[in-house]
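Number of protein chains: 2
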Amino acid sequence: MQTPEPLGGARPTSRDVARAAGVSQATVSLVLGDKWRGRVSERTAEVVREAARSLGYRPNLAARNLRLGHTRTALLVVPALTNEFFARVYTGAATVAARHGFGVVLYPSPDGVGPAKDPFASARAALDGVIASSMASDALKAFRGTDLPLVMLDSDPADSGAAAHVNLDIADGMRQVTDHLLALGHRHFVHLASAVTSWTFDVRAAALTEALAGVSVRTVRAPLDVHGAMAATERALAAPGPRPTALVCDDDILAAGACKALRRLGLRVPEDVSVTGFDDLALATAVEPELTTVSLPAERIGERGMAALLAVLSGEPPQPDDLPVTLVPRGSSGPAPAS
Amino acid sequence: MQTPEPLGGARPTSRDVARAAGVSQATVSLVLGDKWRGRVSERTAEVVREAARSLGYRPNLAARNLRLGHTRTALLVVPALTNEFFARVYTGAATVAARHGFGVVLYPSPDGVGPAKDPFASARAALDGVIASSMASDALKAFRGTDLPLVMLDSDPADSGAAAHVNLDIADGMRQVTDHLLALGHRHFVHLASAVTSWTFDVRAAALTEALAGVSVRTVRAPLDVHGAMAATERALAAPGPRPTALVCDDDILAAGACKALRRLGLRVPEDVSVTGFDDLALATAVEPELTTVSLPAERIGERGMAALLAVLSGEPPQPDDLPVTLVPRGSSGPAPAS
DNA sequence: CCTCGCACGTTATACGTAAAACCTCGGCCG
DNA sequence: CGGCCGAGGTTTTACGTATAACGTGCGAGG
């Protein structure tokens with residue numbers, strides 16, 4: 005009937021819709037907000053809906069958020085978006101968010117641990133809460149002392165700044181890895197550890213040394229990329245003493261690099277050296293041999309994190325939540341060589 | 005001086021700051037908005053800033069957005085966040101956005117998450133514009149006919165719905181690949197193509213068939229994962245006729261799968277069969293042999309896309325923008341076998 | 001001495017929405 | 001017949017901010 009498209013200048017407002025439908029703005033708000041049962045006749049409601057449709061009306065979210073006092077959006081803080089794990093966490097969080105009419109905006113922390121000068125300015129959306137995954141505690145200080153509830157994922161549960169915690173049983177994962185390798189007869193280990201420090205890596209290290217008490221284990225650190233892992237692996241094998249037969253890596257990327265380095269040194273995986281990863285990225289089944297690794301429920305921790313935030317926002321006291329992880333034995337690990 | 009933390013109920017508003025500083029709300033807005041030169045004395049400004057700091061004041065973005073009529077945030081629509089390429093596009097876009105006081109919120113299109121019923125509802129932020137990367141044209145119809153400017157990246161430049169286009173010279177990339185392989189003596193090709201269709205893959209196919217006119221080439225389609233690629237590769241090699249010596253893949257993931265499948269068939273890469281990828285993901289150097297592939301300036305296309313959107317928003321007519329891509333020869337391609 | 005302009009603020013208003021409070025009219029019951 | 005009630009709306013207000021429009025002294029110039 006009227007202008008079919010909101011072309012040209014300004015977007016139509018609810019008042020424009022009201023005018024077109026011959027009702028007041030309040031009625032439009034009622035109808036479009038689905039709160040009109042018993043307050044507006046079915047016929048009028050339909051007229052309003054039709055007017056809105058023909059004008060191409062979309063509510064102004066800024067105005068709505070201002071009026072409502074909340075925004076139904078959460079901020080997800082992650083160390084690095086290029087890591088598949090965090091993309092999956094996001095997916096999980098966004099899924100349950102959508103189910104509750106929430107949105108999720110991402111904030112890849114600059115530099116992973118950097119001093120986030122102003123997270124609020126860069127995540128320009130007005131927020132209801134914050135979820136942080138695998139972040140160092142002090143990288144989140146900008147969110148402390150605000151009124152925003154903070155849910156921490158895969159982080160130190162002793163951190164009291166968070167309104168809720170959801171964790172992965174990382175320690176158990178590492179225990180499963182070591183049990184697996186010990187059962188295969190391995191007695192000389194190298195721990196290829198991540199050079200970036202965070203709770204999740206600290207736990208891996210602690211669990212490993214505890215599970216391997218009394219067994220020969222050597223630690224080498226590497227940045228989280230293939231070339232760093234290769235260099236570190238070469239260093240580790242160049243060290244004096246008996247040659248390690250098992251290489252436990254903090255991450256699949258490190259494991260992939262380790263495999264490459266070993267092969268260049270003329271060693272076969274897993275016949276001469278077994279290698280294990282962590283995280284079960286797509287990479288784990290792309291390389292050869294496929295990596296024995298620990299599968300983490302990435303989507304699920306995102307889902308649970310969002311659910312926890314929603315619980316906090318509705319005033320429920322959230323209980324601590326721990327998710328199990330599972331060892332996936334594949335081709336990169338095998339029996340320790342005879343001698 | 006006053007309450008050091010905004011604990012308890014409501015967040016402090018600019019009016020609270022004004023009260024604490026003994027000035028009017030307008031003055032607070034002036035000072036904090038950095039528009040006070042010659043309107044407010046340096047001393048008063050400092051008092052205001054101190055009051056804001058001690059109250060922990062953060063401006064209400066919803067109110068600001070409403071007042072200003074824009075939000076300085078853009079929506080980035082991508083097919084799948086777990087693909088490293090898009091994470092990098094995001095990074096580039098977010099970088100130049102931040103430089104201009106803009107934010108970027110992500111919308112991984114319905115393929116990844118739930119029903120796409122209303123992109124505006126799920127990306128709850130109020131938006132100034134939309135950037136879509138590698139999206140099929142009809143997946144964006146929700147953004148057409150709105151007042152939001154749309155910038156398309158890596159998409160059909162003939163699409164007139166977009167206010168600006170930024171593209172990669174994909175065709176040239178594929179030409180470089182075929183030139184490389186032809187120079188190595190290859191004459192029997194297989195094109196391992198993506199089963200998902202989009203402009204970027206159509207161009208790869210078209211460029212390949214054009215560059216290989218008169219040469220034996222067979223096309224097999226596979227979903228974008230390692231196992232799909234393996235199955236497709238086996239199918240391709242089981243076909244009658246002379247054995248292909250070069251496998252051109254639409255994507256590094258496909259290439260990695262192809263390498264695995266070939267090895268299982270007892271064929272060596274690159275001695276028996278050469279394999280090439282596309283995109284130059286981290287995966288390309290994680291597998292062995294490392295993949296010959298085409299490196300795409302992912303961050304840069306994100307940067308240019310955001311710059312184009314900013315240009316459109318300030319009324320400048322944006323010119324079409326094409327970014328070069330480069331072949332990176334690595335270990336997975338070599339001379340065609342003798343016979 | 002009047003007035004002009006500048007330095008320094010303040011008052012008032014609008015942005016678009018949601019919802020509380022308020023109207024109006026007809027029917028029905030006591 | 002008076003009053004009450006419910007259906008179907010409308011009027012009004014508030015959310016917090018940015019900024020246009022409007023004072024108000026005071027020093028200087030005519």
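These protein sequences, in sequence, are chains A and B. Read left to right, the first sequence gives residues 5 to 343 (the working numbering). Read left to right, the second sequence gives residues 5 to 343 (the working numbering). Built from N, CA and C at the ideal position, the CB exists for glycine as well. What you are looking at is a predicted structure, and each value in this text was computed from that prediction instead of being measured.
List the whole-angstrom C-beta distance separating residue 132(B) from residue 179(B), where the pair is believed to meet the contact cut-off of C-beta under 8 Å. Locating residue 132(B) in the second sequence gives position 128, counting from the first residue. Locating residue 179(B) in the second sequence gives position 175, counting from the first residue. Wrong, their Cβ atoms sit about 38 Å apart, outside the cutoff.
Residue 307(A) and residue 100(A) look like a contact to me (Cβ under 8 Å); what is the Cβ gap, rounded to whole Å? Counted from its first residue, the first sequence places residue 307(A) at position 303. Counted from its first residue, the first sequence places residue 100(A) at position 96. The Cβ separation is near 5 Å, so the contact holds.
Nearest-angstrom Cα distance between residue 41(A) and residue 134(B)? Mapped onto the first sequence, residue 41(A) falls at position 37. Mapped onto the second sequence, residue 134(B) falls at position 130. Those two C-alpha atoms are separated by around 36 Å.
Rounded C-alpha distance that separates residue 188(B) from residue 239(B): Counted from its first residue, the second sequence places residue 188(B) at position 184. Counted from its first residue, the second sequence places residue 239(B) at position 235. Going by the C-alpha atoms only, they are around 25 Å apart.
Output the distance between the C-alpha atoms of residue 221(B) and residue 221(A), rounded to the nearest integer angstrom. The residue labelled residue 221(B) in the question sits at position 217 within the second sequence. The residue labelled residue 221(A) in the question sits at position 217 within the first sequence. Cα to Cα, residue 221(B) sits roughly 52 Å from residue 221(A).
Backbone secondary structure at residue 48(A) - three-state DSSP: Indexing the first sequence from 1 puts residue 48(A) at position 44. Looking at residue 48(A) - three-state DSSP - the assignment turns out to be helix.
Pair within 8 Å by beta-carbon distance, residue 223(B) and residue 197(B): Here residue 223(B) corresponds to residue number 219 of the second sequence, with the count starting at 1. Here residue 197(B) corresponds to residue number 193 of the second sequence, with the count starting at 1. Closer than 8 Å, so yes.
Could you check what DSSP says for residue 328(A) in three-state terms: helix, strand or coil? Residue 328(A) sits at position 324 when you count from the first residue of the first sequence. Looking at residue 328(A) - three-state DSSP - the assignment turns out to be coil, as it is neither helix nor strand.
Got a sec: which bits of the stretch 147 to 163 of chain B sit with their beta carbon under 8 Å from any beta carbon on chain A, in order along the chain? 149, 150, 151
I want to know whether the stretch 48 to 55 of chain B touches the stretch 274 to 289 of chain B - three or more CB-CB distances under 8 Å. no
Beta carbons nearer than 7 Å to chain B: which residues of the stretch 75 to 91 of chain A have them? 75, 76, 77, 85, 86, 88, 91
For the stretch 128 to 142 of chain A, list every residue whose C-beta sits within 7 Å of some C-beta in chain B, in sequence order. 128, 129, 130
Quick check on residue 251(A): buried or exposed, where buried means 16 or more other Cβ atoms within 10 Å of its Cβ? The residue you call residue 251(A) lines up with position 247 of the first sequence. Per the 10 Å Cβ criterion, buried.
Hey, residue 233(B) and residue 226(B): beta-carbon distance below 8 Å or not? The residue you call residue 233(B) lines up with position 229 of the second sequence. The residue you call residue 226(B) lines up with position 222 of the second sequence. Their beta carbons are under 8 Å apart, which means residue 233(B) touches residue 226(B) by this criterion.
Nearest to residue 97(A) (by Cα), restricted to the options 260(A), 311(A), 175(A), 150(A): Your numbering for residue 97(A) matches position 93 in the first sequence. Minimum Cα distance to residue 97(A) is reached at 311(A).
Could you tell me the distance, in whole angstroms, from the CA atom of residue 248(B) to the CA atom of residue 177(B)? Taking the second sequence and counting its residues from 1, the one referred to as residue 248(B) is at position 244. Taking the second sequence and counting its residues from 1, the one referred to as residue 177(B) is at position 173. When rounded, the distance between both Cα atoms is 21 Å.
Shortest alpha-carbon distance to residue 294(A) belongs to which of 302(A), 278(A), 300(A), 314(A)? In the first sequence, counting from the first residue as 1, residue 294(A) sits at position 290. Of the candidates 302(A), 278(A), 300(A), 314(A), the one whose C-alpha sits nearest the C-alpha of residue 294(A) is 278(A).
Assign residue 344(B) to one of three DSSP states: helix, strand, or coil. Look at the range of chain B in this structure, 5 to 343, and you will see that residue 344(B) is not part of it.
Determine the direct distance from the alpha carbon of residue 18(A) to that of residue 37(A), and round the result to whole angstroms. The residue you call residue 37(A) lines up with position 33 of the first sequence. The residue you call residue 18(A) lines up with position 14 of the first sequence. Distance between the alpha carbons of residue 37(A) and residue 18(A): 11 Å.
Using beta carbons (cut-off 8 Å, strictly below), is residue 292(A) in contact with chain B? Position 288 of the first sequence, counted from the start, is the residue given in the question as residue 292(A). Yes, because at least one Cβ of chain B sits closer than 8 Å to the Cβ of residue 292(A).
With H, G and I counted as helix, E and B as strand and the rest as coil, what does DSSP make of residue 133(B)? The residue given as residue 133(B) occupies position 129 in the second sequence. Reduced to three states, the DSSP call for residue 133(B) is strand.
Would you kindly check if the distance between the Cβ of residue 35(A) and the Cβ of residue 78(A) is under 8 Å? Start at 1 with the first residue of the first sequence, and residue 78(A) comes out as number 74. Start at 1 with the first residue of the first sequence, and residue 35(A) comes out as number 31. No, they are not a contact pair.
Proximity of residue 66(A) and residue 130(B) at Cβ, strictly below 8 Å: Within the first sequence, residue 66(A) is the residue found at index 62, counting from 1. Within the second sequence, residue 130(B) is the residue found at index 126, counting from 1. In this structure, residue 130(B) lies closer than 8 Å to residue 66(A) by Cβ.
Sub-8 Å separation of residue 93(B) and residue 316(B) beta-carbons: The residue you call residue 93(B) lines up with position 89 of the second sequence. The residue you call residue 316(B) lines up with position 312 of the second sequence. For residue 93(B) and residue 316(B), no; Cβs fall outside 8 Å.
In chain A, which residues lie less than 9 Å from residue 41(B) when you measure between Cβ atoms? As a working note, residue 41(B) is residue 37 in the second sequence. Per Cβ cutoff of 9 Å: no residues; residue 41(B) is ~21 Å from chain A at best.
What are the complete beta strand (DSSP E) segments, minimum 3 residues, inside the stretch 174 to 227 of chain A? 192 to 198, 220 to 226
Would you tell me roughly how many angstroms separate the C-alpha atoms of residue 16(B) and residue 59(B), rounded to the nearest one? Indexing the second sequence from 1 puts residue 16(B) at position 12. Indexing the second sequence from 1 puts residue 59(B) at position 55. For residue 16(B) and residue 59(B), the distance between alpha carbons rounds to 7 Å.
Cβ of residue 109(A) less than 8 Å from any chain B Cβ? In the first sequence, the residue the question calls residue 109(A) occupies position 105. It does: the Cβ of residue 109(A) has a partner Cβ on chain B nearer than 8 Å.
Considering residue 156(B), what are the terminal residues of the beta strand (DSSP E) in which it resides? In the second sequence, the residue the question calls residue 156(B) occupies position 152. Start and end: 154 to 157.
If we define contact as Cβ-Cβ less than 8 Å, is residue 264(A) a contact residue for chain B? Counting from 1 along the first sequence, the entry for residue 264(A) is found at position 260. Yes, residue 264(A) lies at the interface with chain B (some Cβ there is under 8 Å from its Cβ).
Take residue 71(A) and list the residues in its own chain whose beta-carbon comes closer than 8 Å to its own, dropping the five residues that flank it on each side. For the purposes of this step, residue 71(A) is taken as the residue at position 67 of the first sequence. Once the five neighbours on either side are set aside, residue 71(A) has no close Cβ partner at all.
Cβ neighbours of residue 33(B) in the same chain (closer than 7 Å, five flanking residues each side left out): Position 29 of the second sequence, counting from 1, holds the residue named residue 33(B). Result list for residue 33(B): 18, in chain order.
Select from the stretch 275 to 300 of chain A all residues with a C-beta closer than 9 Å to any C-beta belonging to chain B, and list them in chain order. 286, 287, 289, 290, 291, 292, 294
Taking residue 281(B) as the reference, give the member of 299(B), 255(B), 80(B), 304(B) with the closest Cα. In the second sequence, residue 281(B) corresponds to position 277, counting from 1. With distances taken between Cα atoms, residue 281(B) lies closest to 255(B).
If we count the other Cβ atoms within 10 Å of its Cβ and call it buried at 16 or more, is residue 322(A) buried or exposed? By 1-based counting over the first sequence, the position of residue 322(A) is 318. That one is buried.
With a cut-off of 8 Å, does the C-beta of residue 171(A) fall near any C-beta of chain B? In the first sequence, the residue the question calls residue 171(A) occupies position 167. No, residue 171(A) lies away from the interface with chain B (no Cβ there is under 8 Å from its Cβ).
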